[in-house]
Amino acid sequence: MFRGRLSGLYLALAGGVAVLATPAIATAQPASKSAVRELEYAYPDQSVWTTKIDERGDPENPLLRLAAVMFEKAGIPWHGKRYPAARMFNYLSDGTAEFSMLVDAPVLKECCLMGKAPVAATELRVYRMSGKPMIKSKEDLVGKKVITIRGYSYGGLLNFLSDPVNAVTNNTAIKHEAAFAMLEAGRGDYLLDYTGPAVEVLTGRPITGVQYDVLSKLEVYLVLAKSYPNAAAVLSRLESIVQSLNKEEILGVPLH
C-alpha cells in the first residue's frame, strides 16, 4: 500500500481469505543507508479488523500501524505488501516475504518462527435476533439460513457451510452493512462477522434485539522467516517492543 506511512481468520486472519486482487505496497522506512536487511511484511488483502478503507480504496489493515512503530523502535527497514491469502502463505513459505502477523498456521511451521504471545485477537461471532437459538459450534448451523460476507473464508468454515451434506442456506452479502440489514429483515437466521467490523456497523446503525455468540477466537502472532539473519533473537526483540506498546491506542480497533 505505501512506502513511508501506512493502510486480512481470521482471519482473519487468518484463517485466510483468497480474493483475487492486485498486490499493493505499503510504506515503511527507507533501507538505502542501513546495513540491516529490509523486511517485507506480507498481509491479507481482506481485513477482519475494520470496515474502513485506505486512501487507495483497499481494506485498511490496522496492524500496519503497529508494525510501523515496532520496526522504527527496532531500527529495521521494512515495507508492507498485500496479497490474496493463498499467495501470501506461499510467499512466506518460499522466503519472498519474511514477516507477517497471523494466526498460528501449521503450514508456516517449517519456514517461520512464531511469537510466543499474541499481539492482537478478534472473535468470529454469530449474530442473531432475539428468540433465535444460541450457536455454540459450527454443527449448530446445520440446516440453518446463514448470512456470510463476500471475501471471507472464515478460516475454512465457508467450506463447511457450502457442503450440501450440511444443508445450510448461505446468503452472501457484499458488505458488512448489507449483511446486518439482511439479518434485521429476516433474510437469514444467523450472520457470521468479526468483532471490529460488526461493532462499527452496529455503532453507526444499532439494531434492536440483535445478539451474538462467539464461535471462535482468533489470536494473531508475530511471524518471522527462519532465513532472516539472527531470526530468533530478532523475533524476541520485536516481541519485547510490542509488549511495551499501547496496542489498543495504536490499532484503534477492539483487541478481543
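Going left to right, the sequence shown walks through residues -26 to -1, 1 to 230 as mature numbering (1 follows the signal peptide of the UniProt record, and there is no 0) numbers them. Cβ coordinates follow ideal geometry from the N, Cα and C atoms, glycine included.
As assigned by DSSP and simplified to three states, the class of residue i
i, result
"residue 54", "strand"
"residue 83", "coil"
"residue 38", "helix"
"residue 47", "helix"
"residue 221", "helix"
"residue 89", "coil"
"residue 62", "helix"
"residue 10", "coil"
"residue 210", "helix"
"residue 215", "helix"
"residue 111", "coil"
"residue 74", "strand"
For residue i, the nearest candidate out of the options (CA to CA)
i, options, result
"residue 225", "36, 87, 69 and 71", "36"
"residue 123", "201, 113, 134 and 154", "154"
"residue 10", "216, 219 and 208", "208"
"residue 33", "204, 178 and 125", "125"
"residue 101", "39, 176 and 31", "176"
"residue 12", "71, 179 and 28", "71"
"residue 174", "142, 150 and 74", "150"
"residue 135", "115, 148, 220 and 180", "115"
Anticipated Cβ contact below 8 Å, residue i with residue j, distance rounded
i, j, result
"residue 170", "residue 24", "5 Å"
"residue 190", "residue 82", "The Cβ separation is near 19 Å, so there is no contact."
"residue 40", "residue 199", "With 8 Å as the limit, residue 40 and residue 199 do not qualify as a contact, their Cβ atoms being about 19 Å apart."
"residue 166", "residue 128", "6 Å"
"residue 120", "residue 164", "5 Å"
"residue 112", "residue 132", "Rounded, the Cβ-Cβ distance is 11 Å, inconsistent with contact."
Q.
When you compare the region 97 to 109 with the region 185 to 194, are there three or more beta-carbon pairs, one atom per stretch, that lie closer than 8 Å?
A. yes
Q | Uninterrupted beta strand (DSSP E) stretches inside the region 121 to 206 (no shorter than 3 residues) | A | 143 to 147, 164 to 168 and 184 to 199
**Q.** Three CB pairs or more closer than 8 Å across the region 59 to 66 and the region 37 to 47
**A.** no
Q. Does the count of Cβ pairs from the region 191 to 208 and the region 74 to 93 closer than 8 Å reach three?
A. yes
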